[in-house]
Structures are given as structure tokens and as C-alpha cells.
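Below is one structure, written out as C-alpha cells; comments come after it.
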Amino acid sequence: MEGWKKYGIAAMCLVLLGVAAYVAVLPTAYQAGAVVADKVVYSEDGSVELASKSPDALQYTGVLCVGARLDGIYYDYGCRHNIITSKGRNMLAWSVEGNGTALVLNKLGVGNSSAGQVAADTDLANLYTNCGLSIATVTPYSPGVGNWSVNNVFTSTCTNIVANTTGIYNTTTAGNLFAEANYTSVTLNINDQLNLTYNMWVQ
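Taken in order, the sequence shown gives residues 403 to 605; the numbers are from this note's numbering.
Okay, structure coming up:
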């Protein structure tokens, strides 16, 4: 009996070694959670992502800059990095694959929420649809190679409107939030203006 146990353990070890060797020689793109330069891969949760960790992989960065003209005085609220949503990452992957409609990021939305922003978001919380703050269609422009920006000046038509989140969309259809950022709350009254600029680049 002891001999059979020894043979059984030895056989199991050989099987495990064989599996490990097989996984080791698989192309990296087929291993769970793998990241490969210039590849679109599947993560462990099944979502599609662009490669992001390899030295020569595409990397996306986005920054939102905020200013406001309140009662005739201009205030600079600075710039901050955004959060690219899971939907946005998939948009990038599909665009690289040539799968679906070309990615055109030319819609800016404004919201008011104290909740933290997470990659699972598909819309801004409390997205404004009135008071001059509805999703605006803007014209992207490129300040340099691999860079593009969008800007819009929203003019409030209501009083006591609080704005503290902004998102960039590729359509005005709900559920297509590409990226979002929050900032210090700005209270807008009639004719006050909110100046938003998204700067994005890949490298």
C-alpha cells in the first residue's frame, strides 16, 4: 500500500509539472490577467483592456482643468487627473481592434455628486440636463502628436447650481461615459460660467 501511495504522489507531481510547463510556454496573451504590448487582452474578470504595463505598450492619461467666471470674476480651480471608466477602457480596446463605431470623444457633461468616482460608473451621478449645463457637443483639437483636447464654456441659466463633476462621453446616449473627474464645488448663478478643458494623450 505504501508503494502505491508513493507512485500516486509521484504521478501527481509529474502532472502538475507538466501543466506548469504548458502554461509557461503559452503566449502571454492567453494567460489570465496577462498584459502584452500592442495587444488587447482579457483580464481575470473577463473585461477587455488595452495593454498598459509593458514598457512599449500604449498608455492613456487624462487631465481635467477647471475655471469659473462668477459674478464677473474669474477663478482658476486647477487641474486634476481623471478616472477612465471600464466602459472607456473597452471603447479604447474596440477602437484599436476596429470593432464598432470609431471613438470620437466630443461630449462633455456636468454633474453634482459627493460620491466617490469608480471605474464601474457608466454615467455621471446627478448629470445635469438643464440650466445650461446639459451634455455639450464640442470640437476636439490636437495640440501635438498623440494629444487631443476638448473644451467648453457652460453658462448657467439657473441660480444656486452646484457643479463638481465632469465626464467625457462619445455620444449623448446614457451609459457611454468614457472618463470622469471631480473638482472643488462651484456654485453657479444666472450668467455665471464654468470653463472645462479635458487634455488627453497617449504614449
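From the three backbone atoms N, C-alpha and C, an ideal C-beta is built for every residue, glycine too.
| query | result |
| --- | --- |
| Could you have a look at V468 and say whether DSSP puts it in helix, strand or coil? | strand |
| Output the distance between the C-alpha atoms of W550 and L510, rounded to the nearest integer angstrom. | 14 Å |
| Go ahead and label I475 buried or exposed: buried means 16 or more other beta carbons lie within 10 angstroms of its beta carbon, across all protein chains shown. | exposed |
| Report the three-state DSSP secondary structure of G513 (helix, strand or coil). | strand |
| Can you tell me the Cα-Cα spacing of S515 and A522, whole angstroms? | 16 Å |
| Would you report the Cα separation of P545 and N532, rounded to the nearest angstrom? | 31 Å |
| Whole angstroms are fine: how far does the CA of A517 sit from the CA of Y585? | 12 Å |
| How would you write the range of the beta strand (DSSP E) that V506 sits in, first residue to last? | Careful: V506 lies outside any beta strand (DSSP E) and carries neither H nor E. |
| Looking only at its chain, what residues have a beta carbon closer than 6 Å to the beta carbon of N528, apart from the 5 residues adjacent to it on each side? | G513, N514 and S515 |
| Note down the Cα distance separating V520 from I592, rounded to an integer number of angstroms. | 31 Å |
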